[in-house]
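Trainee: Below: one structure in structure tokens.
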Amino acid sequence: MPTRPAGTLYRGKLGMWSWVLHRITGVGIYFFLLVHILDTALVRVSPEAYNSVMATYKTTIIGLAEIGLVGAILFHAFNGIRVTLIDFWSKGSKYQNQMFWVVLAIWVVLMAAWVPRQLMHTFGA
Amino acid sequence: MAVIIEQPNAPRSRKGAQWEKRAWIFMRVSGIILVGMIIGHLMVNLVLPERGVKSIDFAFVAGKWASPFWQVYDGILLWLALIHGTNGMRTLVNDYTEREWLRKALNITLWVVAGALLLLGTLVITTFDPCIDPNVHEYLPELVCKG
Ligand code: HEM
Chain H
1 MPTRPAGTLY RGKLGMWSWV LHRITGVGIY FFLLVHILDT ALVRVSPEAY
51 NSVMATYKTT IIGLAEIGLV GAILFHAFNG IRVTLIDFWS KGSKYQNQMF
101 WVVLAIWVVL MAAWVPRQLM HTFGA
Chain E
126 MAVIIEQPNA PRSRKGAQWE KRAWIFMRVS GIILVGMIIG HLMVNLVLPE
176 RGVKSIDFAF VAGKWASPFW QVYDGILLWL ALIHGTNGMR TLVNDYTERE
226 WLRKALNITL WVVAGALLLL GTLVITTFDP CIDPNVHEYL PELVCKG
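Chains as they are written, first to last, in the numbering used here: chain H, 1 to 125; chain E, 126 to 272.
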């Protein structure tokens, strides 16, 4: 029995890559959530403490990073519905590829609405 | 260090299998609820306010949590998202760790962190006091502060 997984030539198709993305986005959102609970907890300390941590969210760098965060959440959310449909809908696995393109289409539409708005907020007054 | 790969069809303990099945169902049920709740959360805090995230400060939170609706909403979001995320991380730990002690240690850490943050977050929402801001009446004129 090998002590380590041996190298593999397996290259999955869309199904595998959507799973990889689901996993990476899930981990990213998890770590953001840990930070987000801690920064929000400062409202219980003092207005100054909370406002000063919120000031970092209002910087350009974090404003741009938020585009990535929301993008990750939206992908994970709609792909999560796809995963659930694959599990429970009798034709789910048959249409898993098409459903991936639907997820991507919804994502593009929502990002097209969100990104300009966030850029206005980030670079606007 | 030898990895023991279980027979996929080996019988599991009944209790273990029940628990894994419930966790599996929870990921799907919480996920569906989270879609609506997270999009609502992003809309209300990030997209709809006049200046986006730049609108958020102590007064913004005090205004929101003056309503029990948003206290309950944020509380449910906290519990669902953190338990979903933590259980998802448990899947990764189980997939990628080879040493049993490390796997156990990481999983215990995950749930200790989740427990501490659930307690902290719940206390913050339920004991929030806008009166700690001396200028609170500029934005919550109706509010009565003791002392
Ligand atoms: C927005 C709504 C969400 C939906 C619909 C959703 C859906 C799902 C589903 C169905 C799974 C199980 C995948 C599987 O068993 O193969 C999953 C896994 C996961 N989710 Fe979510 N989720 C959502 C939000 C979140 C949030 C807010 C976090 C972080 C706090 C998160 C973190 C994770 C992680 C780390 C995994 C494990 C990934 C893996 O096993 O590859 N998810 N999600």
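Built from N, CA and C at the ideal position, the CB exists for glycine as well.
(1) Less than 8 Å separating the Cβ of residue 26(H) from some heavy atom of ligand 1?
(2) Chain E partners of residue 54(H), CB-CB under 7 Å?
(3) Return yes when at least one heavy atom of ligand 1 lies under 8 Å from the C-beta of residue 198(E), else no.
(4) Keeping to the same chain, check which residues put their C-beta closer than 6 Å to that of residue 134(H); ignore five residues upstream and five downstream.
(5) Residue 164(E) to residue 171(E), Cα distance in whole Å?
(6) Going along chain E, which residues have a C-beta under 9 Å from residue 114(H)?
(7) Please report the distance separating the alpha-carbon of residue 270(E) from that of residue 204(E).
(8) Is residue 204(E) near ligand 1 - that is, is its Cβ less than 8 Å away from at least one heavy atom of it?
(9) Taking only beta-carbon atoms, is residue 233(E) less than 9 Å away from chain H?
(10) Give the single residue among 242(E), 183(E), 147(E) and 153(E) whose Cα lies nearest to the Cα of residue 260(E).
(11) Using a 10 Å radius around the Cβ and a threshold of 16 neighbouring Cβ atoms, would you call residue 206(E) buried or exposed?
(12) I want to see whether chain E comes within less than 9 Å of residue 96(H), judged by CB atoms only; does it?
(13) Could you name the residues of chain H that residue 156(E) contacts, counting a contact when the two beta carbons are closer than 7 Å?
(14) Can you confirm whether residue 176(E), when its beta carbon is compared against all beta carbons of chain H, has any partner nearer than 9 Å?
(15) Among the residues of its own chain, which have a CB less than 7 Å from the CB of residue 72(H), if the five just before and after it don't count?
Mentor: Well, looking at it:
(1) Yes - ligand 1 has a heavy atom lying nearer than 8 Å to the Cβ of residue 26(H).
(2) Under the 7 Å cutoff, chain E gives 181 and 182.
(3) Ligand 1 has no heavy atom closer than 8 Å to the beta-carbon of residue 198(E).
(4) This structure cannot settle anything about residue 134(H), because the visible part of chain H is limited to 1 through 125.
(5) Their backbone Cα atoms lie some 10 Å apart in a straight line.
(6) Against chain E, the beta carbon of residue 114(H) has neighbours under 9 Å at 167, 171 and 172, listed in chain order.
(7) Whole-angstrom Cα-Cα distance: 30 Å.
(8) No, Cβ of residue 204(E) sits at least 8 Å from all heavy atoms of ligand 1.
(9) No, its Cβ sits nowhere closer than 9 Å to a Cβ of chain H.
(10) Selected option, being the one with the closest Cα: 183(E).
(11) Classification of residue 206(E): buried, given that the 10 Å Cβ count is 16 or more.
(12) Not flagged as an interface residue toward chain E: residue 96(H), since no C-beta distance is shorter than 9 Å.
(13) Under the 7 Å cutoff, chain H gives 80 and 84.
(14) Judged by the 9 Å Cβ criterion, residue 176(E) is in contact with chain H.
(15) Excluding five sequence positions before and after residue 72(H), the CB atoms of its chain that fall closer than 7 Å to its own CB belong to 25, 28 and 29, given in chain order.
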